[in-house]
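Chemist: Dropping a structure here in structure tokens format, bear with me for questions.
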Amino acid sequence: MSSINTPIDVDASSTRVGFTTIFVVLNFAISLLGSRLLRRRVQRQLTLQKKDSKGKVSPVPVNHLNPWLSFGDFWMYIFRVRKLPGGIYGVLMCGTAVFSLAHQYFVSAFINSATYPTQCTYATGVNTLALEPNTALTPMSEWYATRMVSTALTWAAYNHGEVGIYAKVPYLRAYDGFKPQKSDVLGAWNCTQKTGTNINRLDWDSLAAAKTALDKAHFLYPQNKTMAGGTWPGSSTLQSFVYWSANAYSNERKQWNVRASMINGLNQTNNNQSLATSNFECSIVKSASQEWIPPIMPTTVITNWAQYLYGQSRLQNASSYGYMLEQTLNTMSMVSGSGNGWNIQLQPGQDPNYGCLNEGTVVDLAVYIMLFVLVAAFLAVAVIDLYAFASYKFGRDKESEDELSYVPTDLLSWQLAMIKQSTGNEKLKSSQLKNITYAYRRKDDGTGQVLAFADKISLESTAPLLPFSESFDSKKQNVTISVTEKPSTPSM
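For the sequence shown, the positions run 2 to 493 when our numbering is used.
What follows is the structure, given as structure tokens:
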């Protein structure tokens, strides 16, 4: 069974957008149903109170007469009223208010890009199986195929993939997305470290001196020996070198082995210092699961690739020499098998798949938990709202429906209730609120009033929006809401 945190084959951006949309919709739906639920609860309570002749049903607290509040309004209400808005549902209201602000951070923190191993399809690239096994071809260290294979080997190791001689290295995925599996490996060069050769200070005065000293040790094969090295700046004294050979002559058609002596950081001042080279013996090992004959390279490659090996290893620690030697030999075998080509197609019957990394997305378990909580909250609010609606509908009468249809629980219903209460006009509708304006007027006696005005109300209206004042104006009607200022006292 796969882990809940297994990457999915969708990019992180699309996944974040998808979950954000789901969270926003669910949060909005909970807020919408929550506001309806608060209204239904008040209507049901008032219906029960109306039918209660003994006064056992308690009145509705004012903190129940509010809509589903946002984060800022929720805490402002608590600060000013010192009560939880919505009663027990205020806890859920607080949760949705916090989540409405925090879900973006939540999604960004717990939905992340990730790579995962999969199978990709090969199109073109370096194909080790392109040439016949007995075809002798010299791999070119300077050509693009070599750079491509060398880079692919580096990324394979970085991505914790299998390292060796690959059947194919894809052109477009030879870099960061390359992660070969065991089925991609035909074999590998294996280098075993041997006892090092001691050399003295005078032995690294020059390449010739170092060559003479190592030849006397008789570790290297006598055939096809080649040395490459570099000196200290402004001096002929060696800084580092590689010296390697193959156990076959140029005209032999057989798979050969390699021996190499390598050293770095030679001291140019201490005449008495003695150092030991790192010696290796290398041979090719075929994979047991692959029917493959390694390409037989001409032994002249030892000479051609000496500088390449030196360039790969000259700045490495001695602990990395064996690995760099193996990678160089693996590169030589792959480039040779591909005929130095880097745009080679598959051979008939060749497996088109290879191991690679694909970009995906990891959705943390916390995201699914939050999604479950929101869905559960939505369903709970929906069920409770349905119950409250049914209780109200089946428990009311026609008179109750008229009286309780506009219970003030949100901004619009509170405005409508306030104007109705102020004017005594119970037939006022919410659509008529667009004609209401407020203004501050000062009377002749110095008192101040806040007045509600209704613009251009028809005189023939059987139910005028606002009652007429004594000084009726055909274009404006005014109603006194409250007295807010006392007459000023004349100064002495």
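Yeah, the Cβ is synthetic: ideal placement off N, Cα and C, and Gly gets one too.
These numbers were taken from a predicted model, which means no experiment stands behind them.
In three-state terms, what does DSSP make of Arg45?
Modeler: Taking the first residue of the sequence shown as position 1, residue 45 is located at position 44. Note: Arg45 maps to helix in three-state DSSP.
Chemist: In or out: His104 buried (at least 16 other Cβ within 10 Å) or exposed?
Modeler: Position 103 of the sequence shown, counting from 1, holds the residue named residue 104. Buried.
Chemist: Less than 6 Å between C-beta atoms, sequence neighbours within five positions excluded: which residues of the same chain meet that for Gly361?
Modeler: Within the sequence shown, numbered from 1, the residue matching residue 361 stands at position 360. The residues are Pro8, Ile9, Asp10, Ala115 and Tyr117.
Chemist: Based on the DSSP output, what are the partners of Met228 in its beta bridges?
Modeler: Taking the first residue of the sequence shown as 1, we reach residue 228 at position 227. Answer by DSSP bridge pairing, in chain order: Tyr244.
Chemist: Report yes or no: do three or more beta-carbon pairs, one from the region 196-203 and one from the region 329-338, lie closer than 8 Å?
Modeler: Touching, no.
Chemist: Report yes or no: do the region 206-218 and the region 238-256 share at least 3 C-beta pairs separated by less than 8 Å?
Modeler: Touching, yes, given that three or more Cβ pairs across the two stretches are closer than 8 Å.
Chemist: Between which residues of its own chain and Phe20 is the CB-CB distance below 8 Å, once the five residues before and five after are set aside?
Modeler: Working through the sequence shown from its first residue, we reach residue 20 at position 19. Around Phe20: Val108, Ile112, Val364, Val368 and Leu372.
Chemist: Among Tyr324, Met333, Ser431 and Gln274, which residue has its Cα nearest to the Cα of Glu143?
Modeler: Position 142 of the sequence shown, counting from 1, holds the residue named residue 143. Comparing Cα positions, the closest option is Met333.
Chemist: Quick check: what's the CA-CA separation for Lys287 versus Ser236?
Modeler: On the sequence shown, residue 287 is found 286 positions in, with the first residue counted as 1. On the sequence shown, residue 236 is found 235 positions in, with the first residue counted as 1. Distance between the alpha carbons of Lys287 and Ser236: 44 Å.
Chemist: Run the CB neighbour count on Ile370, radius 10 Å, all protein chains shown included, and call it buried at 16 or more, exposed below.
Modeler: What you label residue 370 is simply residue 369 of the sequence shown in a count that begins at 1. So Ile370 counts as exposed.
Chemist: Specify whether the region 69-78 and the region 416-427 touch according to this definition: at least 3 beta carbon pairs, one from each stretch, less than 8 Å apart.
Modeler: Verdict: no, contact absent.
Chemist: Within 10 angstroms of the Cβ of Thr438, are there 16 or more other Cβ atoms? Answer buried if so, exposed if not.
Modeler: In the sequence shown, residue 438 corresponds to position 437, counting from 1. Classification for Thr438: exposed.
Chemist: State the Cα-Cα distance for the pair Leu66 and Arg42, rounded to the nearest angstrom.
Modeler: Counting from one through the sequence shown, the residue named residue 66 turns up at place 65. Counting from one through the sequence shown, the residue named residue 42 turns up at place 41. Approximately 10 Å, taken between the alpha carbons.
Chemist: Between the alpha carbons of Arg148 and Gly312, how many angstroms are there, rounded?
Modeler: Here residue 148 is taken as the residue at index 147 of the sequence shown, counted from 1. Here residue 312 is taken as the residue at index 311 of the sequence shown, counted from 1. Rounded to the nearest angstrom, the two C-alpha atoms are 13 Å apart.
Chemist: By Cβ distance below 8 Å, which residues in the same chain neighbour Val408 in space, the five residues on each side in sequence not counted?
Modeler: The residue given as residue 408 occupies position 407 in the sequence shown. These residues qualify, in order along the chain: Arg40, Val43, Gln44, Leu47, Leu66 and Ser414.
Chemist: Using the C-alpha atoms, what's the distance from Thr196 back to Trp233?
Modeler: Here the question's residue 233 lines up with position 232 in the sequence shown. Here the question's residue 196 lines up with position 195 in the sequence shown. C-alpha separation (whole angstroms): 27 Å.
Chemist: Short check: CB of Cys192 to CB of Leu326, under 8 Å?
Modeler: Residue numbering aside, residue 192 sits at position 191 when the sequence shown is read from its first letter. Residue numbering aside, residue 326 sits at position 325 when the sequence shown is read from its first letter. Result yes, Cβ atoms of Cys192 and Leu326 sit closer than 8 Å.
Chemist: Going by other Cβ atoms of all chains shown within 10 Å of its Cβ, with 16 needed for buried, is Pro223 buried or exposed?
Modeler: Counting from one through the sequence shown, the residue named residue 223 turns up at place 222. Label assigned to Pro223: exposed.
Chemist: Beta carbon of Ala229, beta carbon of Leu310: below 8 Å?
Modeler: Taking the first residue of the sequence shown as 1, we reach residue 229 at position 228. Taking the first residue of the sequence shown as 1, we reach residue 310 at position 309. It is a contact, given that the beta carbons lie within the stated cut-off.
Chemist: Could you check where the alpha helix (DSSP H) with Val495 kicks off and where it finishes?
Modeler: Residue 495 lies beyond the residue range present for the chain, which begins at 2 and ends at 493; the question has no answer from this structure.
Chemist: Which of the three DSSP states, helix, strand or coil, is assigned to Gly342?
Modeler: Stepping through the sequence shown from its first residue, residue 342 is reached at position 341. Gly342 falls in the coil class under three-state DSSP.
Chemist: How many whole angstroms separate the CB atoms of Val127 and Val150, which I take to be in contact at a CB cut-off of 8 Å?
Modeler: To locate residue 127, count along the sequence shown from 1; it is residue 126. To locate residue 150, count along the sequence shown from 1; it is residue 149. That belief holds up - the Cβ atoms of Val127 and Val150 are roughly 6 Å apart, short of 8 Å.
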